[in-house]
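S.K.: First the structure, then my questions, so here it is.
Residue numbers (our numbering): 16 to 304.
This is the structure:
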């Protein structure tokens with residue numbers, strides 16, 4: 016893979032030229048790079064954090080916030096979104112789920128699944144219904160906070176071997192249209208010129224993306240935001256459920272206002288951690304094993 020890059024004397028601007036520039040090396044950015052890497056296109060990934068084994072930030076770096084999560088994959092269209100919103104049929108969604116699962120397996124994810132015992136799932140569904148709670152079953156793969164970093168590093172190293180260029184520790188200040196392409200300003204006289212741009216900055220880059228799209232005249236479409244809490248409680252309370260499905264999903268209608276309340280991302284024997292997003296702080300859950 017050959018990139019056009021002007022390596023200047025001190026004080027002279029630097030410009031990398033490529034076919035596709037990807038902003039952000041989280042799950043979306045990494046999978047985009049993996050799809051484009053073998054095509055022969057020149058792909059540059061700009062990431063303000065560091066490589067998987069060097070990064071310290073919970074929110075920035077190769078792997079995104081997921082690199083420090085407990086590494087759960089929900090392998091069913093019933094959890095994590097509505098397939099019809101993507102304009103895809105059930106068979107297409109199932110094929111994509113299998114592809115993602117196989118990719119994680121290739122890079123070192125454990126082979127075991129959770130949520131496959133139909134008799135146990137049926138029993139839990141019945142017990143939940145008797146309490147007025149809906150249980151949503153689905154197959155899951157739990158990678159773990161420690162292992163997920165290794166898996167992401169394996170993917171990162173593979174992309175490097177394919178010729179994908181990563182510019183780490185770099186911030187994209189602005190994106191402007193220039194001719195038939197775009198120019199990404201990295202500050203300090205550094206720029207990336209690309210025919211196409213994929214902006215995948217993650218949650219930590221939401222405000223940045225809003226400003227960039229406004230400047231380009233692109234109207235964003237916002238998804239709903241759920242407000243939640245993280246609660247720690249003794250592991251033995253959840254143990255009977257965990258044996259059936261590691262991250263079981265429950266939904267209930269509240270009696271007062273008929274609101275839909277759901278569980279999200281339980282972390283058995285895990286702990287609550289803070290995520291600093293600069294202008295605000297959120298919480299997440301991690302499970303080491």
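Backbone N, C-alpha and C define an ideal beta-carbon position, used for all residues, glycine too. Here the structure is a predicted model, which means the values were calculated and not measured.
Pair every Cβ in the region 175-183 with every Cβ in the region 104-117, then say whether three or more of these pairs are closer than 8 Å.
M.R.: The region 175-183 vs the region 104-117: no contact.
S.K.: Kindly identify the DSSP beta-bridge partner or partners of residue 181.
M.R.: The count along the chain shown starts at 1 and reaches residue 181 at position 166. Looking at the DSSP assignment, residue 181 forms a beta bridge with 60.
S.K.: Do you know offhand how far residue 132's Cα is from residue 159's?
M.R.: Here residue 132 refers to the residue found at position 117 of the chain shown. Here residue 159 refers to the residue found at position 144 of the chain shown. In a straight line, the C-alpha of residue 132 is about 21 Å away from that of residue 159.
S.K.: Would you identify the three-state DSSP class for residue 69, choosing helix, strand or coil?
M.R.: By one-based count along the chain shown, residue 69 stands at place 54. Note: residue 69 maps to coil in three-state DSSP.
S.K.: Tell me where the beta strand (DSSP E) around residue 221 begins and ends.
M.R.: On the chain shown, residue 221 is found 206 positions in, with the first residue counted as 1. First-last for residue 221: 221-231, but that is the alpha helix (DSSP H), not the beta strand (DSSP E).
S.K.: May I have a chain-ordered list of the beta strand (DSSP E) segments no shorter than 3 residues that lie completely inside the region 130-212?
M.R.: Entirely contained in the region 130-212, the beta strand (DSSP E) runs reaching 3 residues are, in chain order, 149-151, 155-157, 180-183, 189-193, 196-202.
S.K.: Quick check on this structure: which residue in 212, 57, 217, 144 has the alpha carbon closest to the alpha carbon of residue 195?
M.R.: In the chain shown, the residue the question calls residue 195 occupies position 180. Looking at the Cα atoms, 212 is the closest of the given residues.
S.K.: Can you tell me which of 273, 271, 265, 269 puts its alpha carbon nearest to the alpha carbon of residue 280?
M.R.: What you label residue 280 is simply residue 265 of the chain shown in a count that begins at 1. Nearest C-alpha to residue 280: 265.
S.K.: Given a threshold of 16 other Cβ atoms within 10 Å of its Cβ, counted over all protein chains shown, does residue 96 qualify as buried or as exposed?
M.R.: Translated into the one-based positions of the chain shown, residue 96 becomes position 81. It counts as exposed.
S.K.: Excluding sequence positions up to five away, which residues of its chain have a Cβ less than 7 Å from the Cβ of residue 93?
M.R.: Counted from its first residue, the chain shown places residue 93 at position 78. So the qualifying residues of the chain are 151, 153.
S.K.: Between the alpha carbons of residue 156 and residue 182, how many angstroms are there, rounded?
M.R.: Stepping through the chain shown from its first residue, residue 156 is reached at position 141. Stepping through the chain shown from its first residue, residue 182 is reached at position 167. Computed Cα separation, rounded: 31 Å.
S.K.: If you draw a straight line from the alpha carbon of residue 49 to that of residue 271, how long is it in whole angstroms?
M.R.: Taking the first residue of the chain shown as position 1, residue 49 is located at position 34. Taking the first residue of the chain shown as position 1, residue 271 is located at position 256. Distance between the alpha carbons of residue 49 and residue 271: 48 Å.
S.K.: Who are residue 36's beta bridge partners in DSSP?
M.R.: Within the chain shown, the letter at position 21 stands for residue 36. Per DSSP, 59, 212.
S.K.: Kindly identify the DSSP beta-bridge partner or partners of residue 289.
M.R.: The residue labelled residue 289 in the question sits at position 274 within the chain shown. Note: residue 289 sits in a beta bridge opposite 298.
S.K.: Going by the CB atoms, is the gap between residue 65 and residue 76 shorter than 7 Å?
M.R.: Taking the chain shown and counting its residues from 1, the one referred to as residue 76 is at position 61. Taking the chain shown and counting its residues from 1, the one referred to as residue 65 is at position 50. Contact: yes.
S.K.: Quick one: what's got a C-beta closer than 8 Å to residue 123's C-beta in the same chain, skipping five residues either side?
M.R.: Here residue 123 refers to the residue found at position 108 of the chain shown. For residue 123, where only same-chain residues beyond five positions count, the Cβ hits under 8 Å are 162, 165, 166, 169.
S.K.: Can you check which of these residues, 239, 137, 200, 171, is closest to residue 259 by C-alpha distance?
M.R.: Counted from its first residue, the chain shown places residue 259 at position 244. For the residues 239, 137, 200, 171, the minimum Cα distance to residue 259 belongs to 137.
S.K.: Just verifying my parser: in three-state terms, what is the DSSP assignment at residue 277?
M.R.: Position 262 of the chain shown, counted from the first residue, corresponds to residue 277. Three-state DSSP puts residue 277 in a strand.
S.K.: If we ignore side chains and look at the alpha-carbon of each, how far apart do residue 23 and residue 74 end up?
M.R.: Residue mapping note: residue 23 aligns to position 8 of the chain shown, counting from 1. Residue mapping note: residue 74 aligns to position 59 of the chain shown, counting from 1. Annotation note: pLDDT 49 at residue 23 (below 50); position unreliable, no value reported.
S.K.: With distances taken between CB atoms, is the gap from residue 201 to residue 214 smaller than 7 Å?
M.R.: Within the chain shown, numbered from 1, the residue matching residue 201 stands at position 186. Within the chain shown, numbered from 1, the residue matching residue 214 stands at position 199. No, these two residues do not count as a Cβ contact at 7 Å.
S.K.: Would DSSP call residue 265 helix, strand or coil?
M.R.: Looking up residue 265 in the chain shown gives position 250. The answer is strand: DSSP assigns residue 265 an E or B state.
S.K.: Do residue 85 and residue 302 come within 7 Å of each other at the CB atom, strictly closer than that value?
M.R.: Position 287 of the chain shown, counted from the first residue, corresponds to residue 302. Position 70 of the chain shown, counted from the first residue, corresponds to residue 85. Yes, these two residues count as a Cβ contact at 7 Å.
S.K.: Please say whether residue 39 and residue 300 have beta carbons closer to each other than 7 Å?
M.R.: Your numbering for residue 300 matches position 285 in the chain shown. Your numbering for residue 39 matches position 24 in the chain shown. Against a cut-off of 7 Å, the Cβ pair of residue 39 and residue 300 comes out as no contact.
S.K.: Count the CB pairs spanning the region 30-37 and the region 52-70 that are closer than 8 Å, and state whether there are at least three.
M.R.: Yes, they touch.
S.K.: Going by the CB atoms, is the gap between residue 36 and residue 199 shorter than 7 Å?
M.R.: Indexing the chain shown from 1 puts residue 199 at position 184. Indexing the chain shown from 1 puts residue 36 at position 21. It is a contact, given that the beta carbons lie within the stated cut-off.
S.K.: Should residue 17 be labelled buried (16 or more other beta-carbon atoms within 10 Å of its own) or exposed?
M.R.: On the chain shown, position 2 is the one that residue 17 refers to. With a pLDDT of 45 at residue 17, under the threshold of 50, the modelled position of this residue cannot be trusted, and the question is left open.
S.K.: Just how far apart, CA to CA, sit residue 45 and residue 275?
M.R.: Indexing the chain shown from 1 puts residue 45 at position 30. Indexing the chain shown from 1 puts residue 275 at position 260. Distance between the alpha carbons of residue 45 and residue 275: 33 Å.
S.K.: Three-state secondary structure (DSSP) at residue 51?
M.R.: One-based indexing of the chain shown puts residue 51 at position 36. In the structure shown, residue 51 sits in a helix (DSSP, three-state: H, G or I).
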